[in-house]
Structures are given as structure tokens and as C-alpha cells.
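Each residue of the sequence shown is one higher than the last, beginning at 3 in our numbering. Backbone N, C-alpha and C fix where the C-beta goes; we use that ideal spot for every residue, glycine too. These numbers come from a predicted model, not from an experiment. For reference, the structure is listed below as C-alpha cells.
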Amino acid sequence: MHTPTSFRFEVQDRVGVITFTRPEMLNALTFEVYRELTDLFFALERDPDVASVVITGEGRGFCSGGDVNSIIGELFKQDMPGLVDFTRMTCDLIKNMRALRKPIVAALNGTAAGAGAVIALASDLRVASEKAKIAFLFVKVGLAGADMGAAYLLPKIVGLGRATELLYFGDAIDAPTAERYGLFNRVVPPERVLEEAMAWARRLADGPRFALGMTKELLNGELSSDLYGALDNEARAQAVCMQTQDFREAYEAFTEKRPARFTGR
């Protein structure tokens, strides 16, 4: 797997840790970060050493979105096909995050804005600092609030009314508000953000990997499914999981009164 150069990636106890490393720019994204992050999430699907992922940032920001100079300034030089290539590339990042059959935990050490907010949104779980804020600020720069899947994913998490408010106004909301909306799963003191996110990721890495992947696949599929289709999909998926070694291991561990040792098989 190609080692990224525009951010840091390391594996700690089967948890792949992605860290944005431009703290002086509040971890603003460049074209290179977009490409390498998109490629990394694709490659992680087939990496046997990684069972879950944590994504975070250095300094006081998680990710402030696209870099004003290196991205936004350059976009004014592009024609329509060039702009479409760029926007599709940003969407490919979200596709690969959602397609990854491994849990992604966003450790929001600080502000997540614009594309950074959508990266947090596309993660499976969000652990945030008490000082963190999140802003889907696209309309504030004259763009549609519907960007990188925000208009699809956000209503599923916070409801249509709240999503409309956040995408129309583009205002930042603080951590307690985001937790109340259901956007942040947990809010902790700043010094505990990465620790808490890693604890969740390690717990998931120790879990039944195949079953967790199936769960994420069904969560994705049922976002746009009706009840009967969802029930049929879940019945078939559960029958597949019942054939795994992990299912038998869970039963044997229960009967033998010991912790289960899942292998993802």
C-alpha cells in the first residue's frame, strides 16, 4: 500500500490512525490530501492489519475544508469539465469512506468545517472535544449546501428540519448542540478525545469483523430502502453471518463463560 505523504498514517493495535498534519492551516485540504485520502480508504478495505480506523487532526482544528489558496484559488482557472473532475474527486472520498467495510471513528479535536465537516459526517462515529465546532459552511462562500453527500447523509442523522437549518445558514454549532442534535456521539474534555476515539476503535477492532462489515453495508443500503426490502436484506445477511466462525465462537464463549475471541472469519 502506498504510504501517504500529505498526512500521517500509522497502525496501532489493528487501528489505522489518520492524522491531518497542517495545524498552522487548521488542517485545510489540498488536492494531494484529497487524492491520497481517497486512495487510502480504498486500500484499507483489503488491508488485513487494519480492523478499524480513527481520523483526527493536529493542533486546534480537525479540518477546515479546502485550502483557500491551493484549492479554491486554483478552481477559478478551471473550465466546467475541470470543475466536475474536482467535485467528483471529492465525492469519491466519501464513497470510499462509506464503502469501507470497517468502522471509522472521527476524533474531532477542534473545528470541522466545510469538507472537514462532511468527512466527520461520513465517518461511522464521532467523538468530539468540548471545544469542537462543526459548520457546513458551503453557502457562506456561494456554493450549494449540498456538497460531498451532505444533503443525503445529514438528514439521516439529524432529521430534515435540522439538516435544512445547518445547510441553509452554514453557521457553526458547538459541541453540546451537535451532541443534542445527534450529530456527535460523545463529547469529552479536549485531552480525552483521541483516547476515547481509540478506545472505541480498539473495541470495534476486537469485535466480529465480518458482522460489523455486514452491519455497515446494511446501514448504507437501507438509507434508501423501504421496510420490506430492508427486512429481506437483513434476513439474508443474518443467514450469511450465521455461517461464520465468529457466530459459533460467540456461542461457545457464552456456554463456556469466557470472553469471545473473534477472528473475522
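With C-beta atoms as the reference, is residue i less than 7 Å away from residue j?
i: D69; j: A30; result: yes
i: S66; j: L95; result: no
i: A122; j: A109; result: no
i: S8; j: E34; result: yes
i: A124; j: F138; result: no
i: R103; j: G215; result: yes
i: G75; j: P25; result: no
i: L177; j: A134; result: According to the sequence displayed, residue 177 carries Ala and not Leu. Cβ distance < 7 Å, so A177 and A134 count as in contact.
i: F64; j: N111; result: yes
i: R205; j: Y183; result: no
i: V189; j: E224; result: no
i: P105; j: D126; result: yes
i: V13; j: V52; result: yes
i: L162; j: G147; result: no
Residue i by DSSP, collapsed to three states: which one?
i: V52; result: coil
i: G231; result: helix
i: Q245; result: coil
i: E12; result: strand
i: L169; result: helix
i: G18; result: strand
i: L110; result: strand
i: L31; result: strand
i: F64; result: strand
i: T23; result: coil
i: T265; result: coil
i: G257; result: For the record, residue 257 in the displayed sequence is Thr; it is not Gly. It is helical.
i: G223; result: helix
i: T58; result: strand
Whole angstroms are fine: how far does the CA of residue j sit from the CA of residue i?
i: E251; j: A232; result: 27 Å
i: D2; j: K259; result: With the chain running from 3 to 267 in the structure shown, residue 2 is simply not present.
i: L85; j: P50; result: 36 Å
i: D149; j: D228; result: 25 Å
i: F11; j: L46; result: 11 Å
i: L145; j: R128; result: 25 Å
i: A117; j: A255; result: 43 Å
i: V242; j: E236; result: 10 Å
i: T58; j: F44; result: 18 Å
i: T113; j: F264; result: 36 Å
i: D248; j: L220; result: 19 Å
i: V120; j: A213; result: 26 Å
i: T166; j: V141; result: 12 Å
i: R238; j: Q245; result: 11 Å
i: G172; j: Y253; result: 49 Å
i: R37; j: T92; result: 8 Å
i: D208; j: E181; result: 26 Å
i: A130; j: T179; result: 12 Å
i: T32; j: S72; result: 6 Å
i: T5; j: A101; result: 21 Å
Tell me whether residue i counts as near the ligand ADP, meaning its Cβ is closer than 6 Å to at least one heavy atom of that ligand.
i: P83; result: As for the ligand ADP, it is missing from this structure, which has no ligand bound.
With 7 Å set as the bound, which would you pick, yes or no: does the beta-carbon of residue i sit closer than that to a beta-carbon of chain C?
i: L185; result: Of the protein chains in the structure, only one exists, and it is not chain C.
**Prompt:** Okay, do the segment 191–206 and the segment 15–28 touch, 3+ Cβ pairs below 8 Å being the bar?
**Reply:** yes
**Asked** In the segment 173–202, which residue ranges form an unbroken alpha helix (DSSP H) of at least 4 residues, counting only runs that do not cross its ends?
**Response** 177–183
**Length at least 3, wholly inside the segment 77–159: the beta strand (DSSP E) runs in chain order** = DSSP assignment within the segment 77–159 yields the following whole beta strand (DSSP E) runs of 3 residues or more, N-terminal first: 106–110, 113–115, 127–131, 135–137.
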